[in-house]
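J.: Below is a structure I'd like to ask you about.
Number of protein chains: 2
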Amino acid sequence: MIGMTVATLPTSRRSASPRRRAPQIIEATAMVFAERGFHGATTQDIADVLGIRQASLYYYFSSKEAALELVCLRGVEGFFETGNAIAARPESAQKRLSLLISSHLSPMLDRGNFVKVFLNERQHLPAESRRRIGRWSRGLERIFEQVIEEGVAAGEFRAGLDARLVTLAVLGMCNAASSWYLKENKGVPAIAAEFSNLVIDGLAIRPAKRRPSRR
Amino acid sequence: MIGMTVATLPTSRRSASPRRRAPQIIEATAMVFAERGFHGATTQDIADVLGIRQASLYYYFSSKEAALELVCLRGVEGFFETGNAIAARPESAQKRLSLLISSHLSPMLDRGNFVKVFLNERQHLPAESRRRIGRWSRGLERIFEQVIEEGVAAGEFRAGLDARLVTLAVLGMCNAASSWYLKENKGVPAIAAEFSNLVIDGLAIRPAKRRPSRR
DNA sequence: GACTTATTCTATAGGTCGATAGATAGAATT
DNA sequence: AATTCTATCTATCGACCTATAGAATAAGTC
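In structure tokens:
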């Protein structure tokens, strides 16, 4: 039931062009980890998806934990950098927050399994890499937090709101998408738009729609 | 590093009053599962927390999976019922949604580990109980969805919003709390208030605060 | 004080899983 | 044609983990 995306690729012992196997191995690993969780998945499961023997995997990674680290790395890469770039733009906090939400959701499309594994399984990384990856996570949180605080300072956002809690709310909302975006039939742009509207304007009807002017 | 909450309770072989051990065993189980995940946790880990032998646990549950089911059950119980009760109240959709958010967050206080295990580990339940528990989950989603749709119909909420996406957003936001509410030093009421404000009114400043009148 | 019940113990079977070692065979390179 | 590289195989070891069987022990009850 697992091998539906990657499927048993090589029928004979040698078929794929050389030097092109590593990406497939990590892709299959991400898929299996995403589906069963790190400890719930066996290296045999991964090998089954690829149609090779369990021991052959160790040509590509030195341990199961190392494989998890590879997957997690591809799950976070880019988030921090693009987030930083967006936060530094000379636009309103509203606009930047919308962009942050959108860019946070977009990797679900092409790297959904990697993101999912990062979010759910990073706790099982060996201590060292967990700390390293955790630093990036906290960095991203701080980006959101700062944009929100700037929005308050600029008079765009409600005064008195708890920027930390709002950050956790927004990230929780976005990250949850990794667990349902495959089942629900919604495009990433539609999700991003709905989430932005929710966060910026809320559900309640506005007495008079007014574009906020920065002061 | 695990036994910090429950800690090694009985120093001698016999100490607790009889017929009172089962709640402690399931509590310890929830704690260990919450910390390491179902497959990452061993029955030995649970026994260590309780200060008993690994095999002794099987006096309380017939299998590790059965233990997971016990924990998950206590993780969901009440959610659906209280949700239904709130949705049926004769109040505005705004008020009911706020109450739903609040009641969804409150179990974090006393049953945080159970909720966390339910959210993260229910996928590892045997097929039958997973389906049964999944039904309750979907029921709760429908409650949120319906209140939101009623809010739109009543003119309280923006027309054209995607009630399904908003539901997933709100639940994702609330459920994420299970992973950080211990580290962050925020009370449940404060979280509920901030989340309600965010969902109902959004972050942006309102031109004129007006209590919505139902029509 | 004998009996019952709740709880924990010892000992171990049986299975699974990660990982290592060394062999093998096409493909690419020279 | 010889050599090197990439990728996979076979075979297996040792560790760990769940679960069972049956004995032992203490507390409460009659």
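Residue numbers (our numbering), protein chains in the order written: chain A, 1 to 215; chain B, 1 to 215.
Backbone N, C-alpha and C define an ideal beta-carbon position, used for all residues, glycine too.
Here the structure is a predicted model, which is why all the values come from computation and not from measurement.
#1: Just grab the DSSP bridge partners of A204 (chain A) for me.
#2: If you draw a straight line from the alpha carbon of R164 (chain B) to that of A192 (chain B), how long is it in whole angstroms?
#3: Taking one C-beta from the segment 153-173 of chain A and one from the segment 106-124 of chain A each time, how about it: are there three or more such pairs within less than 8 Å?
#4: Using the beta-carbon count (16 or more within 10 Å), is K116 (chain B) buried or exposed?
#5: What three-state label does DSSP hand E150 (chain B) in the structure shown?
#6: What residue ranges within the segment 104-138 of chain B form continuous alpha helix (DSSP H) runs of no fewer than 4 residues, ordered along the chain?
#7: Look at the Cβ atom of V265 (chain A), then the Cβ atom of T29 (chain A), and state whether they are nearer than 8 Å.
#8: Leaving out five residues on either side along the sequence, give the residues of the same chain with a beta carbon under 7 Å from the beta carbon of E69 (chain A).
#9: Take the Cβ of R96 (chain B) as the centre, count every other Cβ of all protein chains shown within 10 Å, and call the residue buried at 16 or more, exposed below.
#10: Does the contact criterion of 3 or more C-beta pairs under 8 Å hold for the segment 49-57 of chain B versus the segment 71-84 of chain B?
#11: Please classify A55 (chain B) as buried or exposed, where buried requires at least 16 other C-beta atoms within 10 Å of its C-beta.
#12: Can the beta-carbon of S103 (chain B) be found closer than 8 Å to that of I200 (chain B)?
#13: Give the interface partners of I52 (chain A) over in chain B, defined as CB-CB distance under 8 Å, in chain order.
#14: Within a Cβ cutoff of 6 Å, which residues of the same chain sit near V147 (chain B), ignoring the five residues on either side of it in sequence?
#15: Would you check if the distance between the CB atom of E156 (chain A) and the CB atom of G37 (chain A) is smaller than 8 Å?
#16: Residues of chain A with CB closer than 9 Å to the CB of A176 (chain B), please, in chain order.
#17: Between the C-alpha atoms of I143 (chain B) and V188 (chain B), what's the straight-line distance to the nearest angstrom?
#18: Over what stretch of residues does the alpha helix (DSSP H) that includes G83 (chain A) continue unbroken?
#19: Determine the direct distance from the alpha carbon of V170 (chain A) to that of R206 (chain A), and round the result to whole angstroms.
#20: Below 9 Å on C-beta distance, what does H104 (chain B) contact in chain A?
#21: Does S62 (chain B) pass the burial test, meaning 16 or more other C-beta atoms within 10 Å, or should it be called exposed?
#22: Tell me which residues share the same chain as M173 (chain A) and place their Cβ nearer than 7 Å to its Cβ, disregarding the 5 neighbours each side in the sequence.
#23: Excluding sequence positions up to five away, which residues of its chain have a Cβ less than 7 Å from the Cβ of E145 (chain B)?
T.: Inspection of the coordinates gives the following:
#1: B:F157
#2: 21 Å
#3: no
#4: buried
#5: Helix.
#6: 107-121
#7: Nothing about residue 265 (chain A) can be reported from this structure: the residues present for chain A run from 1 to 215 only.
#8: L125, S129
#9: buried
#10: no
#11: Using a 10 angstroms sphere on the CB of A55 (chain B), the tally of other CB atoms stays under 16, which defines it as exposed.
#12: no
#13: Those do not exist, as I52 (chain A) stays about 23 Å from chain B at its closest Cβ, beyond 8 Å.
#14: A87, A93, R96, L97
#15: no
#16: In chain order: L168, A169, L171, G172, M173, N175, A176.
#17: 22 Å
#18: 79-87
#19: Taking the straight line from one Cα to the other gives about 21 Å.
#20: Here the premise fails: no neighbours, minimum Cβ distance about 12 Å.
#21: exposed
#22: For M173 (chain A), where only same-chain residues beyond five positions count, the Cβ hits under 7 Å are F195.
#23: A163, R164, T167
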